[in-house]
Structures are given as C-alpha cells and as structure tokens.
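If you're matching positions, the sequence shown starts at -11 in this note's numbering and goes up one per residue.
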Amino acid sequence: MQFLHIYNNCKIYFIAYFLIMINQKSIIINNLIEYSSKAKILSKEEEYKLIKNWKDLGNEEDLQKILKSYLRLVVSIARKHINYGLPFEDLINEGIVGIIHALKKFDLSKDFRLSTYASWWIRANIQDYILKNWSIVKNGSTAGQKALFFNLKKLKKQITNPSIDFMGENELKIISGILKVNKFDIQNMESRLQAGDQSLNQTVYEDQNRNIELISLLKDENPNQEQTTQASIDGNLKKKWINQALNYLKDREKIIITSRKLEEKAKTLEELGNDLGISKERVRQIERAALYKLQKKLLEISNQPKDFFIN
C-alpha cells in the first residue's frame, strides 16, 4: 500500500500527503480546521466496514474516508496543545501519524469505536513531539516531568486564583500529592512555563488574506452530540474492563485499589492500615503489587496500549 510504504519509510510530510489524498490540494491550515468540522462522522457500522476492507484488502480509498472522518478529532486534540509554541500544522501532522498507528494496531473484535483507541495515539504522538521540541523538557525528561509539563497549568487553575503568578506552600503540597513529584520540581516547572508562555494573540501563520492568531484556534472545542454519546459508551466499556480485572484480585487487594484509586475521595495509607489492621507500609506494598496485577489483566482483557487507562 502506497500510504503505509511512505509512512514506514518516513519519506514524506504527512499533512501534505494527506491533503493530496483527499483531493483538496488548495486547502491550507486555517481552512483545514473548517474542513475538518464539516467532514462526515462515520456510523459504527460504516467505520467497521471501512477498517475491515482496508485491513483485508489494502483499499486506499477506505483509508482516505477514515482519515477524513477523524481529522476532526485530530484538530480538536491539537487545539488543546496549541499553547506550547509549536506550529499548529506540525501538531496536526503528528496527530495524523497517531491515527495511522491506531489503525495498524486496532482490533476489530473489540466492542468499541476507533475513536477510543485513536484518541490515545493522537494525544501520545502530539505530546511526544512537544516534549522532543520544547527546551524545558527535551533533555532528561522523566515521567514525572512529563506529567508536570502537561498537567501543571490545569491543576493550578483548579486550586488557585488565576491572577496569582506563583503558588504558595499549600498549593505546592496539593499538586505534589497528585502528581507524585517534589515541590522543587513543581516550582521549577512553574517558573519555566511562566517564561515560556506566549500570547494568545500571537500570529501563528499567515495566508494571503489574514494573520491567524492562537486565540482563533482555541474556540469551539465542545464535542457534538454523537461524540458525547460515543465517549459515554467508551467510558462504560473501560469501567467494564476495570471491573472484570478487579475480580482477579484478592479481597484485600480489591479493597485497597478501590479505596485508593477508584473512589472520589481516596483513603490514605494510614486510614486503610487502621481499617485492615496492618501497617501503612504494608498497605503500600499490597497496593503496588495489586496495581501491577491489575494492569497486566487489563492489557489481556482490552488489548490496549500500556498507558491507555491513565486519563
């Protein structure tokens, strides 16, 4: 297949090739956003048929239809990462590569839509690209640094006054507990992100008629009714998988995981230790072992990527 041959050999810029594939060569990036919003949303049956035909027969026309339909999702996820100062077209490009990854690995025997799987790959591809290109984190980046980089602003908005530039001791302690990183790393990342922020009115690119600003790319992110419904269905499927996996844990393991990870107000190690008549260090050990067992069983049940259930 021509598309996958080019993909595997990394010999072409994906977004340009994609536009050629869909016979819209005149579309430039700002029009691509509008184009994506008008692309047909496939029904579950249509999607299944197209993916099956593409996998079985290698029909590029079916691949084109899938990519066109999921361009909307790529644009939506790319918008959420626009404030990191990288070209918007590069983010879309990486998102399209993510769809291809998802399609190659997608298991049609599982009872969920491609959107569930593709969202993970699109986001992962875009975030990996950002991490490789941002000087703040591209050298020696750890899982903790990545979590800080992509979640600090959101958490800060939730627990502080938006007008405050830097957090106090209480806020640092809260975020440290949530992200499992030390307060020094949080303060360091906060300072770097403050310095690295760019104005929403900064010009991202230009066409013949107008400058395109960041703020114009951030509007209209609300999902449509079909996307909301599908997200609910996919969310229920994830819950079903988690409940199935929990059944493979011992009673004490299940209590600890449920109390620590699945309830709205998580219990502390000390509280669970008192409830179960064991030390908090023993609770920690059981939790660590149970999480490993749970993740292993989830991978068997769902056939999803390792980090699929994080969000």
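C-beta: ideal position from N, C-alpha, C; glycine also.
Considering just the uninterrupted stretch of the alpha helix (DSSP H) at residue i, what are its terminal residues?
| i | result |
| --- | --- |
| residue 76 | 76 to 93 |
| residue 264 | 257 to 264 |
| residue 48 | 48 to 67 |
| residue 43 | 32 to 45 |
| residue 238 | Careful: residue 238 lies outside any alpha helix (DSSP H) and carries neither H nor E. |
| residue 167 | 157 to 167 |
On the three-state DSSP scale, how would you describe residue i?
| i | result |
| --- | --- |
| residue 174 | helix |
| residue 308 | This structure gives no information on residue 308, because the portion of the chain shown stretches from -11 to 299. |
| residue 283 | helix |
| residue 148 | coil |
| residue 267 | coil |
| residue 137 | helix |
| residue 288 | helix |
| residue 116 | helix |
| residue 27 | coil |
| residue 253 | coil |
| residue 132 | helix |
| residue 196 | Any reading at residue 196 must be qualified, since the residue scores a pLDDT of 47, below 50, and its modelled position is unreliable; no value is offered. |
| residue 143 | helix |
| residue 98 | coil |
To the nearest whole angstrom, what separates the beta carbons of residue i and residue j, a pair I think is in contact under 8 Å?
| i | j | result |
| --- | --- | --- |
| residue 30 | residue 64 | Actually they do not touch by this definition, with Cβ atoms about 16 Å apart. |
| residue 237 | residue 282 | 7 Å |
| residue 121 | residue 74 | 6 Å |
| residue 60 | residue 27 | 6 Å |
| residue 376 | residue 244 | Because the chain here runs from -11 to 299, residue 376 falls outside it and cannot be looked at. |
With 7 Å set as the bound, which would you pick, yes or no: does the beta-carbon of residue i sit closer than that to a beta-carbon of chain B?
| i | result |
| --- | --- |
| residue 28 | This model lacks chain B altogether; it includes just one protein chain. |
Report yes if the C-beta of residue i is less than 6 Å from at least one heavy atom of the ligand GTP; otherwise report no.
| i | result |
| --- | --- |
| residue 114 | With respect to small molecules bound, the structure shown includes none, and the ligand GTP cannot be examined in it. |
Problem set entry | Sufficient close CB pairs (3 or more, under 8 Å) joining the stretch 254 to 268 to the stretch 134 to 142 | The answer is no - the stretch 134 to 142 does not touch the stretch 254 to 268, with fewer than three Cβ pairs under 8 Å.
Exercise. Counting pairs of beta carbons, one from the stretch 83 to 92 and one from the stretch 103 to 110, are three or more of them closer than 8 Å?
Worked result: Verdict: yes, contact present.
Problem set entry | At least 3 beta-carbon pairs within less than 8 Å: the stretch 41 to 57 vs the stretch 69 to 76 | The stretch 41 to 57, when compared against the stretch 69 to 76, does not touch it at the 8 Å Cβ threshold.
Exercise. On the three-pair Cβ rule with 8 Å, is the stretch 139 to 146 touching the stretch 86 to 105?
Worked result: These segments do not touch.
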